[in-house]
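Peer 1: As you go down the protein sequences, you meet chains A and B in turn. Okay, so the first sequence: first residue is 101 according to the working numbering, each after it adds one. Okay, so the second sequence: first residue is 101 according to the working numbering, each after it adds one. Handing you a structure now.
Number of protein chains: 2
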Amino acid sequence: MSNTNPARGMRDFLPDQVRKREYVIGVIKEVYEKYGFEPLETPTIENLSTLTNKYGEEGDQLMYKILKRGEKLSKKIESGDIKNENELTDLALRYDLTVPLARVVANYKNDLPKFFKRYQIQPVWRADRPARGRFREFYQCDVDAIGSKSMIVEAELLSAVSEILQKLGFKRFSILLNNRKLLQGILEVCGIHPDHQSVALISLDKLDKIGKDSVLQELSDRELLNEKSIDRLGEFIDATRVIGEAYDGSDEEDENDYKRRKSINESLLENLTLFLGPNSSGQLGVEGIKQILDLTNKSQASGKMSFFPTLARGLAYYTGAIFEIGLDDEESPLSIAGGGRYDGLIGMFGKEEIPAVGLSLGLERILLIMEERGMFPDDLPTRAADVLLTLWTEETAGESLKLANQLRQNGLRVTVYPEADKLGKQFKYADQINAPFVCVIGESEIAENKVTLKNMKTGEQETISVDEAVLKLKD
Amino acid sequence: MSNTNPARGMRDFLPDQVRKREYVIGVIKEVYEKYGFEPLETPTIENLSTLTNKYGEEGDQLMYKILKRGEKLSKKIESGDIKNENELTDLALRYDLTVPLARVVANYKNDLPKFFKRYQIQPVWRADRPARGRFREFYQCDVDAIGSKSMIVEAELLSAVSEILQKLGFKRFSILLNNRKLLQGILEVCGIHPDHQSVALISLDKLDKIGKDSVLQELSDRELLNEKSIDRLGEFIDATRVIGEAYDGSDEEDENDYKRRKSINESLLENLTLFLGPNSSGQLGVEGIKQILDLTNKSQASGKMSFFPTLARGLAYYTGAIFEIGLDDEESPLSIAGGGRYDGLIGMFGKEEIPAVGLSLGLERILLIMEERGMFPDDLPTRAADVLLTLWTEETAGESLKLANQLRQNGLRVTVYPEADKLGKQFKYADQINAPFVCVIGESEIAENKVTLKNMKTGEQETISVDEAVLKLKD
Numbered sequence: 101m102s103n104t105n106p107a108r109g110m111r112d113f114l115p116d117q118v119r120k121r122e123y124v125i126g127v128i129k130e131v132y133e134k135y136g137f138e139p140l141e142t143p144t145i146e147n148l149s150t151l152t153n154k155y156g157e158e159g160d161q162l163m164y165k166i167l168k169r170g171e172k173l174s175k176k177i178e179s180g181d182i183k184n185e186n187e188l189t190d191l192a193l194r195y196d197l198t199v200p201l202a203r204v205v206a207n208y209k210n211d212l213p214k215f216f217k218r219y220q221i222q223p224v225w226r227a228d229r230p231a232r233g234r235f236r237e238f239y240q241c242d243v244d245a246i247g248s249k250s251m252i253v254e255a256e257l258l259s260a261v262s263e264i265l266q267k268l269g270f271k272r273f274s275i276l277l278n279n280r281k282l283l284q285g286i287l288e289v290c291g292i293h294p295d296h297q298s299v300a301l302i303s304l305d306k307l308d309k310i311g312k313d314s315v316l317q318e319l320s321d322r323e324l325l326n327e328k329s330i331d332r333l334g335e336f337i338d339a340t341r342v343i344g345e346a347y348d349g350s351d352e353e354d355e356n357d358y359k360r361r362k363s364i365n366e367s368l369l370e371n372l373t374l375f376l377g378p379n380s381s382g383q384l385g386v387e388g389i390k391q392i393l394d395l396t397n398k399s400q401a402s403g404k405m406s407f408f409p410t411l412a413r414g415l416a417y418y419t420g421a422i423f424e425i426g427l428d429d430e431e432s433p434l435s436i437a438g439g440g441r442y443d444g445l446i447g448m449f450g451k452e453e454i455p456a457v458g459l460s461l462g463l464e465r466i467l468l469i470m471e472e473r474g475m476f477p478d479d480l481p482t483r484a485a486d487v488l489l490t491l492w493t494e495e496t497a498g499e500s501l502k503l504a505n506q507l508r509q510n511g512l513r514v515t516v517y518p519e520a521d522k523l524g525k526q527f528k529y530a531d532q533i534n535a536p537f538v539c540v541i542g543e544s545e546i547a548e549n550k551v552t553l554k555n556m557k558t559g560e561q562e563t564i565s566v567d568e569a570v571l572k573l574k575d
Numbered sequence: 101m102s103n104t105n106p107a108r109g110m111r112d113f114l115p116d117q118v119r120k121r122e123y124v125i126g127v128i129k130e131v132y133e134k135y136g137f138e139p140l141e142t143p144t145i146e147n148l149s150t151l152t153n154k155y156g157e158e159g160d161q162l163m164y165k166i167l168k169r170g171e172k173l174s175k176k177i178e179s180g181d182i183k184n185e186n187e188l189t190d191l192a193l194r195y196d197l198t199v200p201l202a203r204v205v206a207n208y209k210n211d212l213p214k215f216f217k218r219y220q221i222q223p224v225w226r227a228d229r230p231a232r233g234r235f236r237e238f239y240q241c242d243v244d245a246i247g248s249k250s251m252i253v254e255a256e257l258l259s260a261v262s263e264i265l266q267k268l269g270f271k272r273f274s275i276l277l278n279n280r281k282l283l284q285g286i287l288e289v290c291g292i293h294p295d296h297q298s299v300a301l302i303s304l305d306k307l308d309k310i311g312k313d314s315v316l317q318e319l320s321d322r323e324l325l326n327e328k329s330i331d332r333l334g335e336f337i338d339a340t341r342v343i344g345e346a347y348d349g350s351d352e353e354d355e356n357d358y359k360r361r362k363s364i365n366e367s368l369l370e371n372l373t374l375f376l377g378p379n380s381s382g383q384l385g386v387e388g389i390k391q392i393l394d395l396t397n398k399s400q401a402s403g404k405m406s407f408f409p410t411l412a413r414g415l416a417y418y419t420g421a422i423f424e425i426g427l428d429d430e431e432s433p434l435s436i437a438g439g440g441r442y443d444g445l446i447g448m449f450g451k452e453e454i455p456a457v458g459l460s461l462g463l464e465r466i467l468l469i470m471e472e473r474g475m476f477p478d479d480l481p482t483r484a485a486d487v488l489l490t491l492w493t494e495e496t497a498g499e500s501l502k503l504a505n506q507l508r509q510n511g512l513r514v515t516v517y518p519e520a521d522k523l524g525k526q527f528k529y530a531d532q533i534n535a536p537f538v539c540v541i542g543e544s545e546i547a548e549n550k551v552t553l554k555n556m557k558t559g560e561q562e563t564i565s566v567d568e569a570v571l572k573l574k575d
């Protein structure tokens, strides 16, 4: 007997899982549409040349590449002269949603509006080591606004994602906000050589986890930065130490939480303005933070914004605002979304530089947390049908089908039991498919032009007319 | 500059196209759900061993296979000893939705209900030669009912697909119905040796296109069948010659069409019962046809059923009813769906034989025809937003965002123009994104706590309160 499991790192989604996924995707789409974002879909398979050298060495290794086909391949194999894998492949699977977007923007330039606001919810594939919550096929939910440098775009994105999280039922979350220009300014003020800035950022990014002393020790151990720079970084870290009241453990956020965040943000801005002094890059960064805090103030993101001056985010391509959205959790915040401004990347396939801001929601993680916390709505269907119609004998099948047709015209989801089994068996099946009602159309019911409707939860049953049954079922 | 086209045979779907695809998929899902079918999704990537030898030689050739990764591959290449492509690949892309379904049924046996009714709408990949309407990535919409031999299942499937086509706006279509057992009986009665039956079926299937004489000539040329068999086949063809009134060219089908189909079906059944005589396989086939005609009589497929005794359908695995749905067209019928009963296939990964009936809708073809015939509903959104909010100056951005927030709370789709460009430019953008309204929030409007709402179609504009604007926009 063959192996019937899905391939390693891949998943089958049985009906209940599909429904949960579709529910979350539906909320995301609905909100993005309200913000004027439009749907885009790109193919699963891209030319290899479109994808290579876009994701660094790791990306090239984790990418799924497709074997060449037909004569080309067989000739190559026959020749016995294969130097490297690139001779065997010409196509690869989508690895993220940003590179395809950049390709689309370059390819359909004249068909797209001046500002192109798109969302894209599609799977990507990475031959990563599978782990809990990490799969080789997983969905990305990206939203990007192309073509404007205005920070209104950042504010709109953050408002939209806040609305999504609220709609899904997440009550406690923070939007950590920083700006690459501000980080740039800080590194300059600390006198850190451009070659060593990324190393310094990587250490700083860990501040929350390992603390000030360890960050400075790590940098000192690397022997790249001089003592004065390390001292200055220490001063910067001190300037970020603004302590508000701690999270009070309540489920709902309230005005106090918002006020706490606001006062921390203000103190931090003050401290950093002092620290940065006349540094121009730093001033631009501070200005950017202020603007976004101001613009989001009346939006759905209001009260959720936390200026977080050590947030760096890994990707090298960010050029302005960066953000990360974390669910407040008893242990440590769970990151479920991130993004930022990247004014250099979208133009990679063309000649011009095209400004862009984007944000990616971690669908698989959101689903996992919602599952753990039991956050799916009660009225999400967990069943195949609203009602199961029984079959009395093969001769009365027409009656069952006719009734099914009537009930469906009234918007009900109906399954007809296909075989003239004993009623007990048919009821057992209703249980299996979670049908809340069973409608028995037996000999006497047919004679009287009635049906017997049984509520599977309460066990109540009554023999009523079809019209009455429709009304009861639609309730 | 790099190539920015999608890979050969692949397509990007820009927003308007995504909306059309989602509309059609939405109708299909909604109807299947009403019939008690549940959604299933399987991974894009399957183990190669799951897919090989399931689709015949052509399938193995057209399948997209994935190159092995990492050390395994580099060692193999270094060894210089590669005998065939199977040493280079271990995974492949989904080629259809039936084999994954069979794998799922075997793998989750205990989690699935006794009768598993699933629909699955996902892309598949075939390295076919691209042509008009034929792509290398295309969606299949499959619906299958697993676990019952009852023909109620066939009737329900045909009712569902009829309802889908009617909902999409297809008025003239026929469901051609035949039965493999009936064909079996005919070939037996004609004295055709089992080894030559498939050849005879392939020729018969062309009857509509090439006519009786050519079919018989073709069979005679092949020199496989004896003269008596060919004569008997000729008699069979004559028995299928039941001529009703011709299609009257009207757009709507009416009672006359239904009556015409019914009387042809009856004459055909009579003729074939005579032709088949006591042949048991043939009798089973006739019985099956009668049952399905009877069961569909009160369903959504009522009046659409055409018994079509020469319909054979290519796939070898059908065991009972077979059907094909064609749109009536001035030239020749356009096939947009097909399926049948295949009681041997689903059990391929397990030990037991599991009965099944399925049907596949040709999504890409349906979309193409709907596009050509202009069948998409007028209220299908073809725009990014219901209203564009202008930006007066950077300082008034907060006002625009606040209003956007208000309008969105009322369910409107709103885009905020992100830059303080001249109003003319902002209106031009509203045209680009097809926004039917523009809401100007200028200096005087802000002072008066009003907005100026412009209808982009009529050119009318008025300065009104926000509440009035909401009411107007929601209309």
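Where a beta carbon is used, it is the ideal one built from N, C-alpha and C, also for glycine.
If we define contact as Cβ-Cβ less than 7 Å, is residue 557(B) a contact residue for chain A?
Peer 2: Within the second sequence, residue 557(B) is the residue found at index 457, counting from 1. No, residue 557(B) lies away from the interface with chain A (no Cβ there is under 7 Å from its Cβ).
Peer 1: Taking beta-carbon pairs under 8 Å, can you tell me which members of the region 219-244 of chain A lie near chain B?
Peer 2: Result list: 223, 225, 227, 236, 237.
Peer 1: What are the residues in the region 134-161 of chain A lying within 8 Å of chain B by C-beta distance?
Peer 2: Answer in chain order: 134, 135, 136, 137, 138, 139, 140, 141, 142, 143, 144, 145, 146, 147, 149, 150, 161.
Peer 1: Am I right that residue 140(B) and residue 115(A) are in contact with their C-beta atoms under 8 Å? What's the rounded C-beta distance?
Peer 2: The sequence position of residue 140(B) within the second sequence is 40, counting from 1. The sequence position of residue 115(A) within the first sequence is 15, counting from 1. Between residue 115(A) and residue 140(B) the Cβ distance is about 6 Å, and since that is below 8 Å, they are a contact.
Peer 1: Between the Cα of residue 158(A) and those of 153(B), 475(B), 169(B), spot the shortest distance and give me the residue it belongs to.
Peer 2: Locating residue 158(A) in the first sequence gives position 58, counting from the first residue. When only C-alpha atoms are compared, the closest one is 169(B).
Peer 1: I'd like the list of long-range same chain contacts for residue 562(A), defined as Cβ closer than 8 Å, with 5 residues on each side in sequence excluded.
Peer 2: Taking the first sequence and counting its residues from 1, one reaches residue 562(A) at position 462. Once the five neighbours on either side are set aside, the close Cβ partners of residue 562(A) are 552, 553.
Peer 1: Is residue 405(B) close to chain A? Criterion is C-beta to C-beta, closer than 7 Å.
Peer 2: In the second sequence, counting from the first residue as 1, residue 405(B) sits at position 305. By this cut-off, residue 405(B) is not an interface position.
Peer 1: Measure from the C-beta of residue 470(B) to each C-beta in chain A and report whether the shortest distance is under 7 Å.
Peer 2: For the purposes of this step, residue 470(B) is identified with residue 370 of the second sequence, where counting begins at 1. Not an interface residue.
Peer 1: Whose Cβ in chain A lies nearer than 9 Å to the Cβ of residue 89(B)?
Peer 2: The requested residue 89(B) does not occur in the structure, where chain B is confined to residues 101 to 575.
Peer 1: From the DSSP output, read off the bridge partner residues of residue 218(B).
Peer 2: Counting from one through the second sequence, the residue named residue 218(B) turns up at place 118. Note: residue 218(B) sits in a beta bridge opposite 138(B), 244(B).
Peer 1: Below 7 Å between beta carbons: does that hold for residue 284(B) and residue 380(B)?
Peer 2: In the second sequence, the residue the question calls residue 284(B) occupies position 184. In the second sequence, the residue the question calls residue 380(B) occupies position 280. No, Cβ-Cβ distance for residue 284(B) and residue 380(B) is not below 7 Å.
Peer 1: When you compare only the Cα positions, how much space is there between residue 403(B) and residue 362(B)?
Peer 2: Looking up residue 403(B) in the second sequence gives position 303. Looking up residue 362(B) in the second sequence gives position 262. Their Cα atoms are separated by approximately 7 Å.
Peer 1: Per the contact definition of three or more C-beta pairs closer than 8 Å, is the region 185-198 of chain A in contact with the region 106-123 of chain A?
Peer 2: The region 106-123 of chain A vs the region 185-198 of chain A: no contact.
Peer 1: Kindly list, in the order they appear in chain B, the residues whose Cβ is closer than 7 Å to that of residue 104(A).
Peer 2: As a first step, residue 104(A) must be located in the first sequence, where it is residue number 4. 203, 206, 207, 449, listed in chain order.
Peer 1: Would you check if there are 3 or more beta carbon pairs closer than 8 Å linking the region 494-501 of chain B to the region 247-256 of chain A?
Peer 2: Cβ pair count under 8 Å is three or more, so yes.
Peer 1: Can you tell me which of the three DSSP states residue 470(A) falls into?
Peer 2: The residue you call residue 470(A) lines up with position 370 of the first sequence. The answer is helix: DSSP assigns residue 470(A) an H, G or I state.
Peer 1: The ligand MG heavy atoms versus the CB of residue 122(A): any closer than 6 Å?
Peer 2: With respect to small molecules bound, the structure shown includes none, and the ligand MG cannot be examined in it.
Peer 1: Considering only C-alpha positions, which residue in the set 393(B), 419(B), 399(B), 271(B) is nearest to residue 408(B)?
Peer 2: The residue you call residue 408(B) lines up with position 308 of the second sequence. The residue with the shortest Cα to Cα distance from residue 408(B) is 393(B).
Peer 1: Less than 7 Å separating the beta-carbons of residue 137(B) and residue 219(B)?
Peer 2: Here residue 137(B) refers to the residue found at position 37 when the second sequence is read from its first residue. Here residue 219(B) refers to the residue found at position 119 when the second sequence is read from its first residue. Contact: yes.
Peer 1: Could you check whether the Cβ of residue 418(B) sits closer than 7 Å to any Cβ belonging to chain A?
Peer 2: Here residue 418(B) refers to the residue found at position 318 when the second sequence is read from its first residue. It does not; no Cβ of chain A falls within 7 Å.
Peer 1: Taking the beta carbon of residue 274(A) as the centre, do at least 16 other beta carbons fall within 10 Å, making it buried, or is it exposed?
Peer 2: The sequence position of residue 274(A) within the first sequence is 174, counting from 1. It is buried - the Cβ of residue 274(A) has at least 16 other Cβ atoms within 10 Å.
Peer 1: Taking Cβ positions, are residue 449(A) and residue 102(B) nearer each other than 7 Å?
Peer 2: Here residue 449(A) corresponds to residue number 349 of the first sequence, with the count starting at 1. Here residue 102(B) corresponds to residue number 2 of the second sequence, with the count starting at 1. Yes.
Peer 1: Mapping DSSP to helix, strand and coil, what is residue 169(A)?
Peer 2: Looking up residue 169(A) in the first sequence gives position 69. Here residue 169(A) sits in coil by DSSP.
Peer 1: So residue 527(A) and residue 555(A) are supposed to be a Cβ contact under 8 Å. How far apart are they, rounded?
Peer 2: Position 427 of the first sequence, counted from the first residue, corresponds to residue 527(A). Position 455 of the first sequence, counted from the first residue, corresponds to residue 555(A). Residue 527(A) to residue 555(A), Cβ: 12 Å. No contact.
Peer 1: List the residues of chain B whose Cβ lies closer than 8 Å to the Cβ of residue 536(A), in chain order.
Peer 2: Here residue 536(A) is taken as the residue at index 436 of the first sequence, counted from 1. Correct list: empty, because the minimum Cβ distance to chain B is about 13 Å.
Peer 1: According to DSSP, is residue 550(A) helix, strand or coil?
Peer 2: On the first sequence, residue 550(A) is found 450 positions in, with the first residue counted as 1. Reduced to three states, the DSSP call for residue 550(A) is strand.
Peer 1: Grab the span of the alpha helix (DSSP H) containing residue 334(B) for me, first residue to last.
Peer 2: Within the second sequence, numbered from 1, the residue matching residue 334(B) stands at position 234. Looking at the DSSP string, the run of the alpha helix (DSSP H) that includes residue 334(B) is 327-339.
Peer 1: Only counting the same chain, and skipping five residues up and downstream in sequence, which positions put a Cβ closer than 8 Å to that of residue 296(B)?
Peer 2: As a working mapping, residue 296(B) is identified with position 196 in the second sequence. These residues qualify, in order along the chain: 324, 325.
Peer 1: Which bits of chain B does residue 257(A) rub up against, with CB to CB less than 8 Å?
Peer 2: The residue labelled residue 257(A) in the question sits at position 157 within the first sequence. Ordered by position in chain B, no residue passes the 8 Å Cβ test against residue 257(A), which lies about 11 Å from the chain.
Peer 1: Under 7 Å between C-beta atoms, does residue 312(A) make it to chain B?
Peer 2: Your numbering for residue 312(A) matches position 212 in the first sequence. Not one chain B Cβ lies under 7 Å of residue 312(A).
Peer 1: Suppose the cutoff is 7 Å on Cβ atoms and the five residues either side in sequence are ignored; what does the same chain contact list for residue 151(A) look like?
Peer 2: The count along the first sequence starts at 1 and reaches residue 151(A) at position 51. Cβ within range, chain order: 163, 192, 195, 199.
Peer 1: Can you confirm whether residue 186(B), when its beta carbon is compared against all beta carbons of chain A, has any partner nearer than 7 Å?
Peer 2: Against the second sequence, residue 186(B) aligns to sequence position 86. No - not a single Cβ of chain A is within 7 Å of the one on residue 186(B).
Peer 1: Identify each residue in the region 524-549 of chain A for which the Cβ-Cβ distance to at least one residue of chain B is less than 7 Å, and report them in chain order.
Peer 2: Against chain B - using a Cβ distance shorter than 7 Å - the residues of the region 524-549 of chain A are 529, 532, 533.
Peer 1: With the cut-off set at 7 Å, would you say residue 465(B) and residue 425(B) are in Cβ contact?
Peer 2: Here residue 465(B) refers to the residue found at position 365 when the second sequence is read from its first residue. Here residue 425(B) refers to the residue found at position 325 when the second sequence is read from its first residue. Not a contact, by the Cβ cut-off of 7 Å.
Peer 1: When the Cβ atoms of the region 262-270 of chain A are set against those of the region 510-530 of chain B, are three or more pairs found closer than 8 Å?
Peer 2: Contact fails: fewer than three Cβ-Cβ distances are below 8 Å.
Peer 1: I'd like to check one pair, residue 213(B) with residue 533(A): are the Cβ atoms closer than 7 Å?
Peer 2: In the first sequence, residue 533(A) corresponds to position 433, counting from 1. In the second sequence, residue 213(B) corresponds to position 113, counting from 1. Yes; because the gap between Cβ atoms is below 7 Å, this pair is in contact.
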